Amino acid sequence: MCAIDPINTSMKTLQTLFLAGLLVSAISCKKDNPDPIDSFEETISSNFTEIASQTIDSYTLTIYAQSDLIVGYNEIYMLLMDADGSYVSDYEVHPHPMMEMPMMMHATPFEYPKVVDTEKGFMRASTTFIMPSTAGDWHLDYHVHVMDEEYAFSFNPTVVSPEETRMLSFVGPDEKSYFLALVSPTAPEVGENNFEVVLYTKLDMMSFPAVTDATMEIEPWMPSMSHGSPNNVNPVHDELGHYMGKVNFSMTGHWEVKMTIKNADGTVLSDALAFDITL
Amino acid sequence: MIKKGILGVLLLWSTPYFAQVFLQIDTLEEVVVINHYATKSGGPNAVQMSASLEETLDRDADLDLIRRGGYAAEVVYHGLSGTQTNTMIDGMRIYGACTDKMDPVTAYVDEQNLHSLEKKGSNDVTIHSLNLKLKRGEFVPTSKHYGSFYSSVNSNNLGTRYGGQYGFNSMRLWLLVNANGSRASNYSDGSNREVRFTQYEKFNAMASVGLKLGRNEFSATLVKDKAVDVGYAGLPMDVSSADALIARFEHQTMLGNTNINHQVYYNSIVHVMDDTKRDSVAMHMDMPGWSETKGISGRLNQTRGNWLLRAQYELVQNSRRAEMTMYPENEAEMYMETWPEVVRSFASVNPSATYYFNENYDILVSASLSTGVDKMQSPTGIKQLEVFGYTMPDGIQTNAGAGSARIRFRKSSFEHQLTLKAGNRAPELSERFGFYLYNSQDGFDYIGNPDLKNEQFLHVSDDVKFDQLGQQFYAKAYAYLFDQYIFGVQEPAYFAMTPGGGGVKIYENIGKAFILGGELGSSLFQSGKIPTTAVISYRYGRSERFGYLPQMSPLAFTLNHTYTWKKLQFGLSNKWVNRYNRASLSFGERNAKNYWLMDATISTNLPLKSTNILVELAGNNLLNQYYTTHLSWNGIPLMGRNISLMAKWSF
């Protein structure tokens, strides 16, 4: 009851989560916890996994995620601390994710960090890794601008393939490559779930812009029973390549969410996409 | 066929003890005597003394049985659905725990537990109620022990029944215990083919004690019933165990001329389905269900001048849930709640008054009001309903009401009564919250609708009876008119959940519907050599939107004779039922051919010192007809010729 599960919470509501989280812990945990005011650090550590931390000169950048980094869409959070151990609230970050393979290098889709907590300078970014670390080395470089200086932080995180695929790639009839990653649900439940995906295309090895004008259809399906579920809402574009809809699961078990994606002209880019989601 | 309490009243009308005795006549409704071992009188129901409860109910022209296998037939009153008729055990509310109606209430008692069946019309919110009255002891001036043992065997399904009873009656204390068992293999139909999955095994025990302290009478009753390995030929699944515990404590007293009766009761049912015996199942499933009911009810009866006043109240809480877990090969198991746990709590009151204008005319006016709330306890259930776009409020109000009036005219051998009842009923749990309840007959998954409105009904019944020199004739005609009739309507946009299912139906209020029916009956030569009864019955029902209503029995004709020769008693029963060509296709019914059933019995009583041995040889379906009735689920054929032998020793 006291646990706050940020995984359920979409990006948009994260800010609310913090406030609500503190509030909920303050109110509902009163009985169990004699010290009701969790510190900021405790909130962070109980809700996020620290991925890596690096110190350059007097600045330390720590990055967090909601779990291990996976092939697919990952929200990545960061905090910058100065030599005194206080949080830096005014800084800018330019991510440069890069995959280094024996014969080549390529980037991967990402989103610029946005401030979640102004006072502490807590930022949220996202990176959609399109392959696991077994294919090569991921370099997650962040160029941090603070006090007119630039610091190049570089991390070398491990990206694993999740148990159920959360990113699909395909080549459309326009011969472009597309990357479709599942943002939500991360903890699917029986009943109505937010269904959110993000769609990118590849212009070249270094450029993966968001596709903002596609139309999508979804159909949840239980392959072992050959039935679907009613009253789903097809995802529509919200911003930055994010498409939001609703998916209904009428029971636990293994579901497929089949997807059809069309471009702005109505040309089918793919109708053979499906995410496996097991409740 | 019909034993009316009122006949007793009629005889006692002129006696000074009228008021006293009147109060002991609990109800003015029709009563069918069930326990034939206890009654030695003739009459059409007593053609076969070893008849099981289901066989007895089946002989009643008002009742039909839905058969899904060899056991646990569901009683249908005048073609009304189970939700339109309320079946109780001795005034106790009890609700089956199976989403697929595999456990009608009648399955949780044995005929040995029962005294009689009351068919009540006036004093309930539902259109009709069937009350299975339990046997009880008596307070008598001289103490008496009694008891019996019986056993019977069937040729057709190698079925056996056995049981024993012991009772003790005295001034201040009575005791009654009985234990009964029965088991049967698959039966064979009229073409001598074995009908697989019609086997069953059942054990039942009842203990009851009564104590009298001054004007106060107390009694406590416990019934335990367990059926195992029950086949359901008409369904894709069987039942591995259906278990019921029924407990009741009762208090009764007289305050002046007011009879006061209260009871507190509890019952609990656990029902477990089983698909492991079937040859091919797409996927193994577990489908258990639970139902638990607690209740307090009471009634007051008072005579005041020419008035008979009566008030009843009830406080009931029923909690039910059923779930389904499916195990696909190499995949995650799937889980859903077919009945998400819901607690239905309600209170009802039922005042009624009968006024006797004179010896010829009386009028009964009765009202029933019930108010309550359905609360969903299961978070999963609330989530499941989200899928269909329903948001569950904290509780759904469950109110219902009914009012009835009956005018009766009696003069010497003539009796005429006109009954009018109007009211509405709240949706049943399945209709409101059911989640993919598979109806194997129409092949659809049914989904409840929390937004359903109450079903409205108007019931009119006209009964005429004429009795002259032991020849009795009666005629009754009845009509039921419904509005907001609750029925499953196909929703083409939804997927069937059950593999191979035809689709999804959602319960909706579909508008108007009606049932018309009637019975003509006679009871002849009751004091002659060959007492005979004959009954013709027919029912017809239609709905505005979906054609014929289901469960309407076609024209049926029953003729019963009994005959006594020396120490032997003979019984002969013939039942002819016309073809059923008005199947409700939207309910998945199928037409049925006409059939003729002939049953015969020979019985004798052999006195043994101060005890008695009753032996009965009975033959059912002697013509070995291959037949299905309009209520044979998925058209399963019923039992072919069966010879049974029963012996009962009683003291």
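Residue numbers (my numbering), protein chains in the order written: chain A, 370 to 648; chain B, -8 to 642. A virtual CB, placed ideally from N, CA and C, is assigned to each residue, including glycine. Only a predicted model underlies this, so the values are computations on that prediction, with no experimental measurement involved.
query = Roughly how far, in whole angstroms, is the beta-carbon of I667/B from the beta-carbon of N258/B, given that I think they are within contact range, below 8 Å?
reply = The requested residue 667/B is not part of the displayed model; chain B covers only -8 to 642.
query = Starting from N416/A and walking both ways along the alpha helix (DSSP H), at which residues does that stretch end?
reply = F409 to N416
ask   = Where in the segment 407 to 440 of chain B do unbroken runs of the beta strand (DSSP E), each at least 3 residues long, occur, reported from the N-terminal end onward?
value = 428 to 430 and 435 to 438
inquiry  = Let's see if you can read the secondary structure: which residues bound the alpha helix (DSSP H) around G372/B?
reply    = P370 to V378
inquiry  = Measuring straight from C-alpha to C-alpha, what distance separates S262/B and V230/B?
reply    = The residue you asked about is not Ser; residue 262/B is His in the sequence shown. Using only the alpha carbons, I get a separation of about 8 Å.
inquiry  = Rounded to the nearest angstrom, what separates I439/A and N563/A at their Cα positions?
reply    = 20 Å
Segment contact flag, the segment 565 to 577 of chain B with the segment 80 to 90 of chain B, C-beta cutoff 8 Å, min 3 pairs = no
ask   = With a Cβ-Cβ cutoff of 8 Å, do S553/A and Y547/A count as a contact?
value = no
task = Report the option in N171/B, D266/B, G512/B and T345/B whose CA atom is closest to the CA atom of S357/B.
result = Per the Cα distances, T345/B.
task = Might you give, ordered along the chain, the residues of its own chain that have their beta carbon closer than 8 Å to the beta carbon of V96/B, omitting 5 neighbours on each side?
result = T78, M79, I80, I85, Y86, G87 and L123
query = Given that T647/A touches chain B, what residues does it touch there, using C-beta distances under 7 Å?
reply = A323
task = Find the nearest neighbour of Y256/B within the set M40/B, G289/B and R269/B, judged by alpha-carbon distance.
result = G289/B
task = Under 6 Å Cβ to Cβ from T189/B, same chain only, skipping five residues before and after it: list those, please.
result = If the five residues before and after T189/B are omitted, its C-beta is found closer than 6 Å to the C-beta atoms of G60, G61, N177, Y178, G222 and A224, all from its own chain and listed in chain order.
ask   = For P599/A and chain B, any beta-carbon pair shorter than 8 Å?
value = yes
request  = Using a Cβ cut-off of 8 Å, pull out every chain B residue sitting near E561/A, in sequence order please.
outcome  = K374, E377 and V378
ask   = Under 8 Å, do Y471/B and I506/B count as touching if we go by C-beta distance?
value = For the 8 Å CB-CB criterion, Y471/B and I506/B form a contact.
request  = Taking A504/B and F473/B to be in contact with their CB atoms under 8 Å, please state how far apart those CB atoms are, rounded to whole angstroms.
outcome  = 4 Å
key: Stretch-stretch touch, CB-based, cutoff 8 Å, three pairs: the segment 203 to 213 of chain B with the segment 231 to 251 of chain B   = Short answer: they touch.
message = Just verifying my parser: in three-state terms, what is the DSSP assignment at A395/A?
response = Residue confidence for A395/A is low, a pLDDT of 42 falling below 50, so the modelled location carries little weight; the figure read from the coordinates is stated next. Helix at A395/A.
task = Residues of the segment 599 to 625 of chain A with a CB closer than 8 Å to any CB of chain B: list them in chain order, please.
result = P599, N600, N617, F618, S619, M620, T621, G622 and H623
key: Cutoff 8 Å: S595/A Cβ touching any chain E Cβ   = Of the chains in the structure shown, none is chain E; the protein chains are A and B.
inquiry  = Quick check: the Cα distance between S619/A and S598/A, rounded to an integer number of angstroms?
reply    = 6 Å
query = From this set, E406/B, T362/B and F400/B, which residue's C-alpha is nearest A391/B's C-alpha?
reply = With distances taken between Cα atoms, A391/B lies closest to T362/B.
task = For E558/A, go through chain B and note every residue whose CB falls closer than 8 Å to its CB, in chain order.
result = K374
request  = Under 8 Å between beta-carbons, which chain A residues line up against A487/B? List them in chain order, please.
outcome  = H596
ask   = Ends of the alpha helix (DSSP H) at D55/B?
value = Not the alpha helix (DSSP H): D55/B falls in the beta strand (DSSP E), residues L54 to I57.
query = Of the choices G280/B, N171/B and Q616/B, whose alpha-carbon is the least far from that of Y141/B?
reply = N171/B
message = Using CA atoms only, rank isn't needed, just tell me which of K444/B, T133/B, T249/B and S143/B is closest to I387/B.
response = K444/B
Rounded separation between E499/B and G394/B - CA only = 25 Å
ask   = Residues in the segment 423 to 441 of chain B with C-beta within 8 Å of chain A's C-beta atoms, listed in sequence order?
value = Within the segment 423 to 441 of chain B, contact with chain A at the beta-carbon level (separation under 8 Å) is assigned to F426 and Y427.
task = Anything in chain A within Cβ reach of A484/B, meaning under 8 Å, just list it in chain order.
result = P599
query = If you run the structure through DSSP and keep just helix, strand and coil, what is L605/B?
reply = strand
key: Selection from M594/A, Y612/A, L609/A and E586/A that minimises the alpha carbon distance to N600/A   = Comparing Cα positions, the closest option is E586/A.
key: L355/B versus I398/B: straight-line alpha-carbon distance, rounded   = 6 Å
ask   = If you draw a straight line from the C-alpha of M467/A to the C-alpha of F479/A, how long is it?
value = 10 Å
ask   = Where do the ends of the beta strand (DSSP E) carrying D645/A lie?
value = Unbroken beta strand (DSSP E) run through D645/A: V637 to T647.
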